[in-house]
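Written out below as structure tokens is the structure these notes cover.
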Amino acid sequence: MTYVASYCRVSTDKEDQANSFAAQQRYFTQYISAHPQWQLYAVYADQGITGTSARKRPQFQNMIRDAQEGKFQLILTKEVSRFSRNLLDTIAYTRTLKALGVSVVFLTDGINTQDPDAELRLSIMASIAQEESRKISARVKWGQARQMEKGVVFGRSMLGYDVTGGKVVVNPAGAKLVQRIFHMYGVEQLGTTQIARILQQEGILTRSGNPYWSPGTIVKILKNEKYVGDLVQKKSYTPDYLTHQKKANHGDEPLISIANHHTPIISRELWEHVQKELKLRSKMSQGGHSVCHALSGKIRCGACGSAFVARQKRSSNGRISLRWGCSKAVRFGSSPAHDEGCSIGRLLRDDDAKHMVCQALTALDLDREALLAELTSYLGEDAEYPSQTKLEGESAHLRQKKEAVMDAYFSGHITVQEMQEMKARYQRELDFVHAQLQQNLPATRHVRVQKATQTASSILYGKMESEVFFKTLVEQITVFPDRHLELELCGLPQIFHFRDEIG
Numbered sequence: 059m060t061y062v063a064s065y066c067r068v069s070t071d072k073e074d075q076a077n078s079f080a081a082q083q084r085y086f087t088q089y090i091s092a093h094p095q096w097q098l099y100a101v102y103a104d105q106g107i108t109g110t111s112a113r114k115r116p117q118f119q120n121m122i123r124d125a126q127e128g129k130f131q132l133i134l135t136k137e138v139s140r141f142s143r144n145l146l147d148t149i150a151y152t153r154t155l156k157a158l159g160v161s162v163v164f165l166t167d168g169i170n171t172q173d174p175d176a177e178l179r180l181s182i183m184a185s186i187a188q189e190e191s192r193k194i195s196a197r198v199k200w201g202q203a204r205q206m207e208k209g210v211v212f213g214r215s216m217l218g219y220d221v222t223g224g225k226v227v228v229n230p231a232g233a234k235l236v237q238r239i240f241h242m243y244g245v246e247q248l249g250t251t252q253i254a255r256i257l258q259q260e261g262i263l264t265r266s267g268n269p270y271w272s273p274g275t276i277v278k279i280l281k282n283e284k285y286v287g288d289l290v291q292k293k294s295y296t297p298d299y300l301t302h303q304k305k306a307n308h309g310d311e312p313l314i315s316i317a318n319h320h321t322p323i324i325s326r327e328l329w330e331h332v333q334k335e336l337k338l339r340s341k342m343s344q345g346g347h348s349v350c351h352a353l354s355g356k357i358r359c360g361a362c363g364s365a366f367v368a369r370q371k372r373s374s375n376g377r378i379s380l381r382w383g384c385s386k387a388v389r390f391g392s393s394p395a396h397d398e399g400c401s402i403g404r405l406l407r408d409d410d411a412k413h414m415v416c417q418a419l420t421a422l423d424l425d426r427e428a429l430l431a432e433l434t435s436y437l438g439e440d441a442e443y444p445s446q447t448k449l450e451g452e453s454a455h456l457r458q459k460k461e462a463v464m465d466a467y468f469s470g471h472i473t474v475q476e477m478q479e480m481k482a483r484y485q486r487e488l489d490f491v492h493a494q495l496q497q498n499l500p501a502t503r504h505v506r507v508q509k510a511t512q513t514a515s516s517i518l519y520g521k522m523e524s525e526v527f528f529k530t531l532v533e534q535i536t537v538f539p540d541r542h543l544e545l546e547l548c549g550l551p552q553i554f555h556f557r558d559e560i561g
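Under the working numbering, the first residue of the sequence shown is numbered 59, with each subsequent residue one higher.
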């Protein structure tokens, strides 16, 4: 008795193709039952899947695995193009099956892989099938390009827009969030990391429902020209019709661009400003300087509630100073006649703001000497770090593991790749343990404790000048029109009041 399998495939799930799919299954079942010496093992069928890559067809792969296990001796398929449109796949798989003692019969093409001239005829038919796939791919790409030129959108829905039937429609809730992100970056001068952190802290979800916002997500939003009403398509393309793998289009194929294609969410003025700001900040970060200042997003206007933004000013001697001003006043002016402006008319020097923070720290009623003594004692303890004996024991144990790996390899219990991976892992663990051993040396421990104590002393006595220090400690500074300022520090309920600190 010969056990027989059959394979059939249709490339789309349209109704007429689905009928053909069912018809193929019935045909193979009836065909096999007409041969008394044949016994049907299984009908393998992939529906709505391309034939240019066998790896993407799960039923095809199941059939190959079953053949390797000797579950059948013959495969029936309608024609070469149903088996595969990829010439290399066709030849490779039929050779593999033949070596396993499994024949493949292509009924329409009249080819049996056991025949002497089967591979020659198969190569010719497979070449024809592959060329047909190339032509179909070219026609599809040409048709899509013509549709894109007419303004049909092939992309997916995004934050602020729903894409339905090839058209872009504004999503009101998402549009408000997009406008807020652009305003925070372009007007309030917040960085992408700060924006991501604010949205995450507020529990706002991304378009896909993810509670985590990354700086990269914010950058993608800020660079998406759809938000200003423009449409640019073919940013990626498929260079190989056989693999179907997409590739970023860096001038390999022409982009298809349409200006003012749909309703914008962001004004053209704000869009252009944000694009310039992105380039500026990118250049500054490449040069090793961060454009995000320590007090960015922490200074508010007491008149209108808007964030203060940073502006640099160069004096006659070439010295650059940083000043903070109300974003509404900066953008729209201070004229009362302008509804969107702000008349606060006050600026805050960056060094004055930091001086206020230091003054507030010195004004706190603290037993600084006791705090420093407690901190020094805590840093000098071994509780936070493993003991020297324990670390040396871990090091010896890891070295024994490395030796055991080599024994296992030479005994033939593990492969060379497994040996190399295990050795690399144990070596990384050893390096970490050795680094801890170095940190636990008495001299190193003493230096670390001394530096930490000096830093703590600078903080407690208001002499710290680190940007990270100000960014971490300051909760908010509020600037009022009457030259009055309020300072709030993180974790403290007390509000500090200052006057005549603004220009």
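Beta carbons: idealized from backbone N, C-alpha and C, even for Gly. All values reported here derive from a predicted model rather than from experimental measurement.
Go ahead and pull the three-state DSSP assignment for residue i.
i	result
Cys562	For the chain, the structure presents residues 59 to 561; residue 562 sits outside this window and is missing.
Tyr484	helix
Leu13	Past the boundaries of the shown model lies residue 13; the chain is included only from 59 to 561, so the question cannot be answered.
Gln82	helix
Arg541	coil
Thr264	coil
Glu246	coil
Ser64	strand
His555	strand
Gly399	coil
Ile323	coil
Glu479	helix
Ala317	coil
Cys416	helix
Glu546	strand
Ser272	coil
Glu427	helix
Asp440	Residue confidence is low: Asp440 scores 46 on pLDDT, short of 50, so the model does not pin down where it sits. Its coordinate-derived value is still stated next. Coil, per DSSP.
Thr473	coil
Ala454	helix
Glu311	coil
Phe490	helix
Ala150	helix
Gly346	Low per-residue confidence applies at Gly346: pLDDT is 42, beneath 50, and the placement is therefore not dependable enough to give any value.
Ala306	strand
Over the uninterrupted alpha helix (DSSP H) stretch that includes residue i, give me the two end residues.
i	result
Leu353	No alpha helix (DSSP H) holds Leu353; DSSP gives it neither H nor E.
Leu406	No alpha helix (DSSP H) contains Leu406, which is instead part of the beta strand (DSSP E) from Leu405 to Arg407.
Val138	Val138 to Phe141
Ala125	Pro116 to Gln126
Do residue j and residue i have their beta-carbon atoms positioned less than 8 Å apart in this structure?
i	j	result
Ser373	Ser379	yes
Pro322	Val286	yes
Phe130	Tyr85	no
Tyr243	Val388	no
Ser91	Leu132	no
Leu165	Leu146	no
Phe528	Lys412	yes
Tyr151	Ile122	yes
Asp408	Arg381	yes
Ile276	Ala254	yes
Leu289	His241	no
Ile402	Ala361	yes
Leu313	Lys337	no
Leu456	Leu488	yes
Trp271	Gln252	no
Thr154	Leu180	no
Mind checking which residues open and close the beta strand (DSSP E) that includes residue i?
i	result
Lys225	Lys225 to Val228
Asp104	Trp96 to Gln105
Arg369	Phe366 to Arg372
Ile133	Leu132 to Thr135
His158	It should be pointed out that residue 158 corresponds to Leu in this sequence rather than to His. Careful: Leu158 lies outside any beta strand (DSSP E) and carries neither H nor E.
Leu289	Leu289 to Gln291
Does any CB atom of chain B fall closer than 8 Å to the CB of residue i?
i	result
Ser185	Here there is only one protein chain, and chain B is not present.
Heavy atom of the ligand FMN less than 7 Å from the Cβ of residue i, yes or no?
i	result
Arg67	Only the bare structure without any ligand can be found here, which leaves the ligand FMN out of the picture.
- Task: Assess, as a yes-or-no matter, whether the stretch 60–68 is touched by the stretch 132–141 under the definition of 3 or more beta carbon pairs within less than 8 Å.
- Result: yes
- Message: Please give the ranges of any beta strand (DSSP E) in the stretch 165–235, keeping only runs that are unbroken, at least 3 residues long and fully inside the region.
- Response: 219–222 and 225–228
- With a cut-off of 8 Å, do at least 3 Cβ pairs link the stretch 211–220 to the stretch 232–239? yes
- Task: Tell me, please, whether the stretch 542–554 touches the stretch 412–425 by the rule of three or more beta-carbon pairs shorter than 8 Å.
- Result: yes
- Task: For the stretch 353–370 and the stretch 311–327, state whether three or more C-beta atom pairs, one from each stretch, are separated by less than 8 Å.
- Result: no
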